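>
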Ligand code: SF4
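Structure (structure tokens):
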């Protein structure tokens with residue numbers, strides 16, 4: 003499978019924020035989100051290197067962390083994710099898969115981190131990107147299946163207050179979910195914007211039993227690759 007980077011850092015987002023982890027970042031994505039902060043991994047399939055699953059496991063184990071995060075891009079594009087997660091699980095490693103929830107694979111995983119994409123993710127141009135994105139982004143059938151099969155978190159990127167209504171509609175369609183696994187994360191690439199949005203997102207999330215989800219990597223490292 004094609005991998006652009008394997009590195010160690012602290013998980014910056016979600017239920018396992020702060021946990022020292024090895025990140026395996028695959029190349030390629032079936033979406034083109036307007037706010038994508040990993041375009042080097044999502045939109046440039048010629049980059050990275052083709053690695054055998056055994057090689058990836060070897061490099062990940064060398065870093066010595068108990069937690070491994072499979073991220074992208076969209077890692078679920080690769081069927082090799084199935085043997086990769088099986089081999090990592092055999093080594094008793096804790097596995098998070100970060101996905102937009104548009105593709106299902108029967109992987110081994112301790113936390114399925116699902117980030118369904120709202121209409122605020124739609125790219126502005128070109129038309130080919132807009133069509134690709136809108137065709138693929140809303141696969142609530144896949145998200146339902148992942149939620150029913152794995153320990154999960156549902157992480158929504160929130161830009162404007164009106165996004166909250168769209169999230170409510172999405173959750174209503176989804177049906178069965180645990181409120182405390184719903185994470186509302188501000189769209190931001192800088193700490194100042196994140197803190198400003200935090201005020202109204204927290205005020206909305208708390209009385210409903212949802213969680214505010216800061217992007218701690220911005221606080222720790224700024225908007226930098228490899229973190
Ligand atoms: S799903 Fe994630 S990796 Fe893919 S384009 Fe959107 S933000 Fe980028």
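In the working numbering, the protein residues as written are 3 to 229. Heads up, the beta-carbon is just placed ideally off N, CA and C, and yes, glycines get one too. Here the structure is a predicted model, which means the values were calculated and not measured.
Identify every run of the beta strand (DSSP E) within the segment 128-164, keeping only runs that are complete inside it and at least 3 residues long; order them along the chain.
For the segment 128-164, whole beta strand (DSSP E) runs of length 3 or above, ordered along the chain, are 154-160.
> In terms of residues, what are the limits of the beta strand (DSSP E) holding residue 188?
Numbered from its first residue, the chain shown carries residue 188 at position 186. Here the beta strand (DSSP E) through residue 188 covers 184-188.
> Note down the Cα distance separating residue 222 from residue 194, rounded to an integer number of angstroms.
Sequence index remark: in the chain shown, residue 222 carries index 220 (1-based). Sequence index remark: in the chain shown, residue 194 carries index 192 (1-based). Going by the C-alpha atoms only, they are around 13 Å apart.
> Please report how far the alpha carbon of residue 94 lies from the alpha carbon of residue 62, in whole angstroms.
Position 92 of the chain shown, counted from the start, is the residue given in the question as residue 94. Position 60 of the chain shown, counted from the start, is the residue given in the question as residue 62. Using only the alpha carbons, I get a separation of about 13 Å.
> Please list, in chain order, all residues of the same chain as residue 17 whose beta carbon is under 6 Å from its beta carbon, the five residues on each side excluded.
Walking along the chain shown from the start, residue 17 turns up at place 15. Cβ neighbours of residue 17 beyond the five flanking positions: 155.
> When a residue counts only if its C-beta is closer than 6 Å to some heavy atom of the ligand SF4, which residues count, in chain order?
In chain order, the hits are 31, 33, 34, 35, 38, 40, 44, 74, 75, 76, 102.
> Where do the ends of the beta strand (DSSP E) carrying residue 10 lie?
As a position in the chain shown, residue 10 is number 8, starting the count at 1. Per DSSP, residue 10 belongs to the beta strand (DSSP E) from 4-12.
> Under three-state DSSP, which class holds residue 232?
Outside the shown range of the chain, which is 3 to 229, sits residue 232, and nothing can be said about it.
> Is DSSP giving residue 172 helix, strand or coil here?
The count along the chain shown starts at 1 and reaches residue 172 at position 170. The answer is helix: DSSP assigns residue 172 an H, G or I state.
> Please list the terminal residues of the continuous alpha helix (DSSP H) segment that includes residue 195.
On the chain shown, position 193 is the one that residue 195 refers to. Element bounds for residue 195: 193-210.
> Where do the ends of the beta strand (DSSP E) carrying residue 100 lie?
As a position in the chain shown, residue 100 is number 98, starting the count at 1. Taken as a continuous stretch (DSSP letters only), the beta strand (DSSP E) holding residue 100 covers 96-101.
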